[in-house]
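Taking it in order: structure first as structure tokens, then the write-up.
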Amino acid sequence: MTTAKISTVSKVLLLIVAALFIGSIFVPMWQIELNAPQYPEGLVLKLHANKIGGDVDIINGLNHYIGMATLHTENFIEFKILPYVFAGFGLISLLLIFVAKRKAILFFFITYIVFIALAGIDFYRWNYEYGHNLDPNAAIRVPGMAYQPPLLGYKQLLNFGAYSIPDTGGWMLTGAGILLFAIIFKEYHLFKKRS
Amino acid sequence: MKNKFLKAVFVIALGSALVTSCKPKSSGDAVSGDAAQKAYVAPGKYDEFYNFVSGGFSGQLSVYGLPSGRLFRVIPVFSVDPEKGWGYSEETKPMLNTSQGFVPWDDLHHTEMSQTNGEVDGRWVFGNANNTPRIARIDLKTFKTAEIIELPNSAGNHSSPFITENTEYVVAGTRFSVPADYSNGDVAINTYKENFKGHISFVKVGKEGEMDLAFQIVTPGVNFDLSHAGKGKSHGWFFFSCYNTEQANTLLEVNASQKDKDFIMAVNWKKAEEYIKAGKGKKQSVKYAHNKWDEKTHTAKSEIKTEVLVLDSAELKDICYMIPCPKSPHGCDVDPSGEYIVGSGKLAALIPVFSFDKLQSAIAKKQFDGNYGGIPVVKYEAALHGEVQKPGLGPLHTEFDGKGNAYTTFFVSSEVVKWDIKSLKVLDRVPTYYSVGHLCIPGGDSKKPFGKYLIAYNKITKDRYLPTGPELAQSAQIFDISGDKMKMILDFPTIGEPHYAQAAPADLIRNNGQLKFYKIGDNNHPYVTKGEKEAKVVREGNKVHVYMTSIRSHFAPDNIEGVKLGDEVYFHVTNLEQDWDVPHGFAIKGADNGELLIMPGETTTLKWIPKKVGIFPMYCTDFCSALHQEMQGYVRVSPAGSNVPISFSVGTNLPANK
């Protein structure tokens, strides 16, 4: 194949990628589940593209014992930017259907991966900040203890078990990444053995 | 000689052994092997049914689980409860207001759940006040008493709070006939026959449960005892048992037991509604209280009403008919089909069962035996379906299993007897421990009983539990009635003295939209404090209003100065928590008052009149958190005329001397 134009299948996949990006704005991206003996029903923090949802007031109330700063959507610039970022990603994906150049898709994919990496670092930074920046006058002070939730997976924090995993939006974004990767695979004929 | 003597001894010994073995079986034998399994609800598992049990002379309503017999909650209704602040907080005091003023105690005998199409619907449960006549409505989303209405012209509201099949009305019949409130009551007691009247009340129930005394029917003076509504074909009728048709005013034990038969009064309430439409009711001037709880302001309001519409049973034909019923009838129960009406004479050795169809035909054919105070008396045989022969002694109450069987309690012979409604044959009997009064089958007085368990509420406890001195717990027993034979599976003690009870499938109530906490945003209490920044202390003359918040684990403010002797202090405490099961409490040293238990999002007020100069600690009484013991504060009380200014703070009043 000499033409750089991408196949119809890839165009359809790009349409799906665009839908996944746009859709992820409206559902929670990430969740941190908290379980404790007194909370058999569990508490959950839901991170949307534009806000913190879930049992945020209850968690803020509990965190005052360990002196953790309270969580408020307006304190994070991320929640103002992220909806535009995902909308932009969606529009780019749509645009790519018309541009239809595999190199452009590859470039977009790499940009997206870099974005994910940066977002991960940002998320870790906030987790670290909230987990370590504790009021020295808090009622509960355990020497050497920090309350940083895990980036991904499970961690025990005093009487709470914290379980950090993607939510619907996170899976949609993951799906978008996988589809982009698949398009690149297909368009660069990486499926076929080089002969 | 010696041989003969030995023989004689042997015969006597053998004889007495035989006699002893003939002794009735003890309760140990009455329990079958798998009883424990049937009543066992594993830790963390839920019961199948909620059981709403009247608290009798406690004045409250208790909530148990079936089949475990576990107590979940005691809902304060007609009696003050300092533990919950009921009748002590400023907000709840109006709930116990009556035309006689604040009444701190009553006697709750019967519970009845709301119904839709004759089936329990899990919205509300009603309770009666037997001493100062009232009806209460308890909301089953909050398990809180939401409304109480007083009944004029009544005394001893016993045949209450029974309802019609769509909860159109909840009724009340006066146990004591008395001179009407709208007539002169200052009469000689022995003028009962002329001056004492019975009044039956019909209280309309609105869509949101709100009660309204629609009308009363005045009858000759008798004692109304119990009642039940018709259902299905007999919907539109209500049946009230009555005794003391002898109209005795003293030593009723003897004087009210003279006649062989008293009556079940059948009331055609649809006919009564027609008369009201036709303007036949008379407005009478009376006084009664109507108290309503407002969930938005967390406050009760009491209103005194001054008028009631009265219909005369003698003057207005076709509303009331008397059906003769032997031996001072007590229970008056209608089977799920609405055809059979079971009367229970307290001292009778048979159970008469009346037929609604036969009653209608007797009325149509005018098969009457004269009248009683102007009310036609239907011929006993004309309305009778039949009599259950030799069921036991002293029948009291009957419930149904929905499979064609009736279960009647017998006080004197201390047993529950199962019999077939149509054939009137006795099918089974089990002893109770001891002297059973009321019984309950979930939905057992509705169109749709859940005939799995039967609970007997006994009047005598004796040796059932470990002894606790002269005063004992009351005793109830659960029977498995799913098979042909009734099997006792559990004994459980109850609060107060249980009379009638109701039960409903757990899911019906669990899933009715149970409230977990009050939204602070919807709190319209006039003294609400919606955040710590709004906490303050305001003096208005000698009244000091403390706008206080509680959140784990402190009050705001927790240091208050400037209160003086002669002041009335009102602590308006708002619980700022917004999660399930995080109540806070409040109490202050020396208050001649109860405590407060404040649910999340709620505002409650404790009035305190300090009587001494000094420092008065206050603290949270409901273990709220790991730092509950730290949740405390101080109020400084200065002498009258002191110039200590009002001041208040939390966290900023630092030590004066370093």
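Taken in sequence, the protein lines are chains A and B.
All residue numbers for the first sequence refer to our numbering, where the first residue is 299 and numbers rise by one.
All residue numbers for the second sequence refer to our numbering, where the first residue is 25 and numbers rise by one.
Backbone N, C-alpha and C define an ideal beta-carbon position, used for all residues, glycine too.
I want to see whether chain A comes within less than 8 Å of residue i, judged by CB atoms only; does it?
i, result
"B/Leu651", "yes"
"B/Arg576", "yes"
"B/Gln602", "yes"
"B/Asn536", "no"
"B/Cys46", "Summary for B/Cys46: the model assigns pLDDT 49, below 50, so the residue's position carries little reliability, and this model does not support an answer."
With a threshold of 8 Å between beta-carbons, can residue i be considered close to chain B, or not?
i, result
"A/Ala436", "no"
"A/Asp355", "yes"
"A/Gly340", "no"
"A/Gly352", "no"
"A/Gly359", "yes"
Please name the residue in the options whose C-alpha comes closest to that of residue i.
i, options, result
"B/Tyr457", "B/Val55, B/Gly590, B/Ile505", "B/Val55"
"A/Phe240", "A/Ala417, A/Ala347, A/Ile390", "The first residue shown for chain A is 299 and the last is 493, placing residue 240 of chain A beyond what the model contains."
"B/Val597", "B/Ile584, B/Val587, B/Tyr571", "B/Tyr571"
"A/Val383", "A/Leu416, A/Thr306, A/Gly359, A/Asp355", "A/Leu416"
"B/Phe248", "B/Ile622, B/Gly222, B/Glu495, B/Gln538", "B/Gly222"
"B/Ala63", "B/Ser92, B/Gly83, B/Ala160", "B/Ser92"
"B/Tyr345", "B/Asp286, B/Leu451, B/Ala280, B/Thr573", "B/Asp286"
"B/Gly233", "B/Gly638, B/Ala60, B/Thr140", "B/Thr140"
"B/Tyr524", "B/Lys31, B/Ser251, B/Asp205, B/Ala66", "B/Ser251"
"A/Gly459", "A/Tyr422, A/Phe377, A/Glu339", "A/Glu339"
"A/Ile323", "A/Thr306, A/Lys349, A/Leu393, A/Val307", "A/Lys349"
"B/Gly665", "B/Glu654, B/Gly657, B/Asn681, B/Asn566", "B/Asn566"
How about residue i and residue j: are their beta carbons less than 8 Å apart?
i, j, result
"B/Ser506", "B/Thr432", "no"
"B/Asn617", "B/Leu630", "yes"
"B/Ala372", "B/Gln391", "no"
"B/Ser113", "B/Thr628", "yes"
"B/Ile288", "B/Cys356", "yes"
"B/Asp582", "B/Pro607", "no"
"A/Ile364", "A/Tyr426", "no"
"A/Met470", "A/Leu318", "yes"
"B/Asp425", "B/Gly475", "yes"
"B/Gly83", "B/Val98", "no"
"B/Phe200", "B/Gly230", "no"
"B/Val195", "B/Phe262", "yes"
"A/Leu311", "A/Ala480", "yes"
"B/Lys307", "B/Pro176", "no"
For my contact list, residue i and residue j are in at a C-beta cut-off of 8 Å; report their separation, rounded to the angstrom.
i, j, result
"B/Thr122", "B/Ala324", "The Cβ separation is near 13 Å, so there is no contact."
"B/Phe610", "B/Cys644", "7 Å"
"B/Gly467", "B/Glu143", "7 Å"
"B/Trp148", "B/Arg158", "Not confirmed; about 15 Å, so no contact."
"B/Leu478", "B/Ile465", "5 Å"
"B/Asp131", "B/Gly80", "6 Å"
"B/Tyr396", "B/Thr485", "With a Cβ gap of about 39 Å, B/Tyr396 and B/Thr485 do not count as contacting."
"B/Phe516", "B/Ala528", "At roughly 18 Å, the Cβ-Cβ gap does not stay under 8 Å, so B/Phe516 and B/Ala528 are not in contact."
"B/Ser24", "B/Ser352", "A question about residue 24 of chain B goes unanswered here, because the residues of chain B that appear run from 25 up to 682."
So is residue i buried or exposed if we call it buried at 16+ other beta carbons inside 10 Å?
i, result
"B/His462", "buried"
"A/Leu488", "exposed"
"B/Pro185", "buried"
"B/Pro106", "exposed"
"B/Leu694", "What the structure shows of chain B is the stretch from 25 to 682, and residue 694 of chain B is not part of that stretch, so it cannot be assessed."
"B/Cys46", "In this prediction, B/Cys46 scores a pLDDT of 49, lower than 50, which makes its location untrustworthy; no coordinate-derived value is stated."
"B/Ile213", "exposed"
"B/Asn219", "buried"
"B/Thr518", "buried"
"B/Lys442", "buried"
"B/Met623", "buried"
"B/Ala253", "buried"
"A/Phe413", "exposed"
"B/Asp318", "exposed"
"B/Arg94", "exposed"
"A/Leu450", "exposed"
"B/Ala290", "buried"
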